[in-house]
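Mapping to my numbering: the sequence shown position 111 is 115, numbers consecutive.
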Amino acid sequence: DVRRAEPGDLARFKVLGALPTSGHVLSEDSLRCTAKFKAQIRLVETCRETPVMSQGFKCILHLHHSMEELCEVSKVIEAEDLRTNKKEAAPKVVRAPALALCVLQICSGREVPLEAGDGLLGQLSLRTDGGTIAVGSVAELPKLR
Numbered sequence: 005d006v007r008r009a010e011p012g013d014l015a016r017f018k019v020l021g022a023l024p025t026s027g028h029v030l031s032e033d034s035l036r037c038t039a040k041f042k043a044q045i046r047l048v049e050t051c052r053e054t055p056v057m058s059q060g061f062k063c064i065l066h067l068h069h070s071m072e073e074l075c076e077v078s079k080v081i082e083a084e085d086l087r088t089n090k091k092e093a094a095p096k097v098v099r100a101p102a103l104a105l106c107v108l109q110i111c112s113g114r115e116v117p118l119e120a121g122d123g124l125l126g127q128l129s130l131r132t133d134g135g136t137i138a139v140g141s142v143a144e145l146p147k148l149r
C-alpha cells in the first residue's frame, strides 16, 4: 500500500461515502457542470460522405471517452475552410475539412462536468450513423451567474 501516486501511475483505491458510476472522474478541482458550451471543432472528411453542419444540426456528443449525449449545434460562431484558409463569421453551412467555433447544447438539458481546454475532460467528438464527423475540445464554459 502507498499513500501517494504521481500522474501516470496506475493505482487502485476505494472511495468511501460515494457511489461512483461510469463517467465519474476524480479531480483536484471541482468541475463545472453545464448543458451548453462553446466548442472548437474540426470537421473531418470520411470515406462515405463530406460532413456538412449548420445551426440546428443534431448528432451524438462523446465526452470523457465514456459519456454519450444527443446534442444540437445551437449556433455556428465562426468557421475556417482548411482548403482555402478563408474565415467566415456566422456561416449558414460548414463543410469538411473545416475548423468551427460553435455553441453546443445537450438536448436532454442534463448538465455534464466539463473543463475548458485541451485536457482530457475537455475533449469531445461528434458522431452520426455514418461515423465520426468532428473532433475537438471545449473552448469556453458559460459565465457564472
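The beta-carbon is built from N, C-alpha and C at its ideal position, and this holds for glycine as well.
Considering only C-alpha positions, which residue in the set the options is nearest to residue i?
{"i": "Glu84", "options": "Ala94, Val77, Pro11 and Ile64", "result": "Ala94"}
{"i": "Arg131", "options": "Lys18, Val48, Leu145 and Val19", "result": "Val48"}
{"i": "Gln109", "options": "Lys18, Lys40 and Gly21", "result": "Lys40"}
{"i": "Ala138", "options": "Cys106, Gly12 and Pro146", "result": "Cys106"}
{"i": "Leu145", "options": "Arg36, Phe17 and Gln127", "result": "Arg36"}
{"i": "Thr136", "options": "Val98, Gly60, Arg149 and Thr50", "result": "Thr50"}
{"i": "Met57", "options": "Glu73, Asp122 and Arg99", "result": "Arg99"}
{"i": "Pro11", "options": "Thr25, Lys62 and Ser31", "result": "Ser31"}
{"i": "Asp122", "options": "Gly140, Asp133 and Thr88", "result": "Gly140"}
Can you list, in chain order, the residues of its chain whose CB lies under 6 Å from that of residue i, leaving out five sequence neighbours each side?
{"i": "Ala9", "result": "Ala15"}
Below 8 Å on the Cβ atoms is my guess for residue i versus residue j; work out the distance and round it to an integer in Å.
{"i": "Leu124", "j": "Leu65", "result": "With a Cβ gap of about 16 Å, Leu124 and Leu65 do not count as contacting."}
{"i": "Ala143", "j": "Lys42", "result": "4 Å"}
{"i": "Gln59", "j": "Lys90", "result": "Contact doesn't hold; Cβ gap of about 20 Å is too wide."}
{"i": "Cys111", "j": "Leu74", "result": "4 Å"}
Which residues in the same chain have their Cβ closer than 7 Å to the Cβ of residue i, if we skip the five residues on either side of it in sequence?
{"i": "Ala102", "result": "Leu47, Ala83, Glu84, Asp85 and Leu86"}
Take residue i and list the residues in its own chain whose beta-carbon comes closer than 8 Å to its own, dropping the five residues that flank it on each side.
{"i": "Glu72", "result": "Ile64, Leu65 and His66"}
*Determine, using beta-carbon pairs with one atom in the region 12 to 22 and one in the region 114 to 121, whether at least three such pairs fall under 8 Å.*
no
*Taking only runs that begin and end inside the region 68 to 139, name each unbroken alpha helix (DSSP H) of 4 or more residues, in chain order.*
none
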